[in-house]
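Per numbering that gives the first Met the number 0, the sequence shown starts with residue 0, numbered consecutively.
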Amino acid sequence: MAILVLGGTGFIGPRLIRKLVERGHEILCMDINPRAASFEEMGDRVRVIQGDVTEFEDVVKAVLEAKPDRIINLAYLLGGGEDRPHFTTKLNIMGMDNCFEAARVCGVNRVVYASSIAVSGQQKHFGDRMVNEDDPVHGTSQYAMHKIFNE
Numbered sequence: 000m001a002i003l004v005l006g007g008t009g010f011i012g013p014r015l016i017r018k019l020v021e022r023g024h025e026i027l028c029m030d031i032n033p034r035a036a037s038f039e040e041m042g043d044r045v046r047v048i049q050g051d052v053t054e055f056e057d058v059v060k061a062v063l064e065a066k067p068d069r070i071i072n073l074a075y076l077l078g079g080g081e082d083r084p085h086f087t088t089k090l091n092i093m094g095m096d097n098c099f100e101a102a103r104v105c106g107v108n109r110v111v112y113a114s115s116i117a118v119s120g121q122q123k124h125f126g127d128r129m130v131n132e133d134d135p136v137h138g139t140s141q142y143a144m145h146k147i148f149n150e
């Protein structure tokens, strides 16, 4: 299966890409910083291109090049964005919107969205039980609010 991973050279991306390659998938990774991770040991199973998820044209170009069965968007700013709220909102909200819209326009039927425990907020809201996806959200950070919005 062909998979496009946006933001694939960050914290989660390299781990996920390695697992996907182990399962036989072909990966095109688009990242604003393509040299932040190395996938050389995977040979031609992983290609990395430079692109900015906040630029719709970059995302569409990557989709057209990858011809993916699905898109995984990991391009998200985790923490530290409170001092740059406009940039963080552009990356997290518009980047996800560009991903969804490029998938729609280019006919990609599956988009994988990585949620976060930050959406749920503190455990005190749930007592001793585990949190599930039907629970109300209590996230308060900018990161959590962006994740909630995109969900």
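Each residue gets a CB set at the ideal place from its N, CA and C atoms; glycine is no exception. Just so you know, these numbers come straight off a predicted model, no measurement behind them.
For residue i, three-class secondary structure by DSSP
| i | result |
| --- | --- |
| Ile48 | strand |
| Met29 | strand |
Endpoints, alpha helix (DSSP H) assigned at residue i
| i | result |
| --- | --- |
| Leu19 | Gly12 to Glu21 |
| Asp57 | Phe55 to Ala65 |
Residue j beta carbon less than 7 Å from that of residue i
| i | j | result |
| --- | --- | --- |
| His24 | Asn91 | no |
| Leu219 | Leu27 | Because the chain in this structure spans residues 0 to 150, residue 219 falls outside the shown range and cannot be described. |
| Asp30 | Thr53 | no |
| Ile151 | Leu73 | As displayed, the chain neither begins before 0 nor continues past 150, which places residue 151 out of reach and without an answer. |
| Pro67 | Val107 | yes |
| Asn131 | Met95 | no |
| Val45 | Ile70 | no |
| Gln141 | Glu64 | no |
| Ala113 | Ala143 | no |
Bounding residues of the beta strand (DSSP E) (the contiguous stretch that carries residue i)
| i | result |
| --- | --- |
| Ala35 | It is not in any beta strand (DSSP E) - Ala35 carries neither H nor E in the DSSP assignment. |
Length of the line joining the Cα atoms of residue i and residue j
| i | j | result |
| --- | --- | --- |
| Val62 | Arg17 | 20 Å |
| Met198 | Val20 | The structure shown does not extend to residue 198, since the chain is modelled only from 0 to 150, so the question has no answer here. |
| Phe55 | Thr139 | 28 Å |
| Val47 | Arg128 | 41 Å |
| Gly50 | Arg22 | 26 Å |
| Cys98 | Ala1 | 16 Å |
| Ala151 | Asp57 | Summary: the structure shown does not reach residue 151, with the chain confined to residues 0 through 150, and so no result is reported for it. |
| Lys123 | His137 | 10 Å |
| Thr87 | Gly120 | 20 Å |
| Pro33 | Gly126 | 42 Å |
Contact with chain C by residue i, beta-carbon distance below 7 Å
| i | result |
| --- | --- |
| Arg103 | Within the model displayed, chain C is absent; a lone protein chain is all it includes. |
Please list the segments of the alpha helix (DSSP H) lying wholly inside the stretch 69-149, counting only runs of 4 or more residues, in order along the chain.
-> Runs of the alpha helix (DSSP H) inside the stretch 69-149: 84-88, 94-105 and 141-149.
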